[in-house]
Amino acid sequence: MAESITLDIFRFDPEGDGEQRLQRYSVPVTKPGMKLLDALNYIKWNIDPTLTYRRSCGEGVCGSDGMNINGVNGLGCITPIAGLAQPIRIYPLPNMPIIRDLVVDTSHFFDQYRQLKPWLHADTPTPEHERLQTIAERDQLDGKYECILCACCTTSCPSWWWNGERFLGPAALLQADRWISDSRDEATGERLDALEDAFKLYRCHQIMNCAQACPKGLNPTASINHIKRALLTRKS
Ligand code: SF4
Ligand code: SF4
Ligand code: FES
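Letter 13 of the sequence shown, counting from 1, is numbered 17 in the working numbering, and no numbers are missing.
Here you go:
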């Protein structure tokens, strides 16, 4: 008999009975190295087509299948089921409005990202070929450009739970640091001005949930500290 796993998955259908509950499923282990997303897909395709969740790439690149797995935020597609305590409890990302089952409304999260004007700002004329960087300058983007905006960090941050309307949260601040650290960007002063705010930046209390939650191994706390140092340095 094939090995199987047990999952308790959060269900909510505002167009149905509107009740929030956990629903139990049993899923066969269909392949070695099976990931949590494989189990969700098995349920949707073979047991219960009403189960609703986001996914796209299946490879930890698109950032769409962030969810809370046994109390820890992560990506379903790169989380192996081996080693997860059973029943595996799956909830939507915390502190986001729930649209249905595991699908949350990310509008506010991406509005905060848009506030950063997350593109290259440069007044100098565009060179004929490209804006060059030294290897050392390019290295400054490592640990930042890899962010896939999955929201696992921001939705695990207690400061964002409590002050999410005004505190930008770890993902947006890591992205802000990505542009502040870019030698080709000419708007560092304006970017720092926009962040010098008791809530937008300084609500981070160094709890480090964000770094622990990031499925890409990034450290938003380090970025937040880098921005704070940049603000201090420019005043001295
Ligand atoms: S270190 Fe800052 S941003 Fe990260 S979880 Fe803690 S309070 Fe939130
Ligand atoms: S820093 Fe990590 S956890 Fe946060 S949004 Fe980016 S990839 Fe996701
Ligand atoms: S499905 Fe794209 S990151 Fe998981």
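Just so it is clear, CB atoms sit at the ideal spot from N, CA and C, and this is done for glycine as well.
Here the structure is a predicted model, which means the values were calculated and not measured.
Which stretch, first to last residue, makes up the beta strand (DSSP E) that contains residue i?
i              : result
glycine 10     : For the record, residue 10 in the displayed sequence is threonine; it is not glycine. Per DSSP, threonine 10 belongs to the beta strand (DSSP E) from 8 to 15.
isoleucine 73  : 70 to 73
proline 32     : 25 to 32
glycine 78     : 76 to 79
arginine 142   : Premise fails: arginine 142 lies in the alpha helix (DSSP H), 139 to 143, not in any beta strand (DSSP E).
isoleucine 102 : 102 to 104
arginine 93    : 92 to 95
Quick test of your reading: residue i and residue j, contact by CB under 8 angstroms. State the CB separation rounded to the nearest angstrom.
i              : j              : result
tyrosine 57    : aspartate 105  : 6 angstroms
leucine 153    : alanine 175    : 6 angstroms
leucine 241    : isoleucine 102 : Residue 241 lies beyond the stretch modelled for the chain, which goes from 5 to 240, so this question has no answer here.
proline 129    : tryptophan 183 : Between tryptophan 183 and proline 129 the Cβ distance is about 20 angstroms, and since that is not below 8 angstroms, they are no contact.
cysteine 81    : glycine 67     : So it is not a contact: roughly 10 angstroms between Cβ atoms.
isoleucine 228 : leucine 196    : Contact doesn't hold; Cβ gap of about 13 angstroms is too wide.
serine 163     : cysteine 208   : 6 angstroms
glutamate 190  : aspartate 127  : 6 angstroms
valine 31      : isoleucine 47  : 6 angstroms
Decide if residue i is buried, meaning its Cβ has at least 16 other Cβ atoms within 10 Å, or exposed.
i                 : result
phenylalanine 203 : exposed
methionine 5      : Because the pLDDT of methionine 5 is 45, which lies under 50, any placement of that residue in the model is unreliable, and the number read from its coordinates should be weighed accordingly. It is exposed - the Cβ of methionine 5 has fewer than 16 other Cβ atoms within 10 Å.
leucine 236       : exposed
phenylalanine 113 : buried
asparagine 50     : exposed
Return the first residue and the last residue of the alpha helix (DSSP H) that residue i is part of.
i            : result
tyrosine 117 : 111 to 118
tyrosine 46  : 40 to 46
I want to check one thing, is the minimum distance from the CB of residue i to the heavy atoms of ligand 2 below 7 angstroms?
i             : result
isoleucine 82 : no
cysteine 161  : no
Using a Cβ-based criterion (distance less than 7 angstroms to any ligand heavy atom), does residue i qualify as near ligand 5?
i          : result
leucine 79 : Judged by which ligands are present, ligand 5 is missing from the structure shown, whose ligands are ligand 1, ligand 2 and ligand 3.
Ligand 3 and residue i: does the residue's C-beta get closer than 7 angstroms to at least one heavy atom of that ligand?
i            : result
serine 8     : no
arginine 135 : no
Determine, using beta-carbon pairs with one atom in the region 216 to 232 and one in the region 175 to 186, whether at least three such pairs fall under 8 angstroms.
-> Yes: at least three Cβ pairs fall under 8 angstroms.
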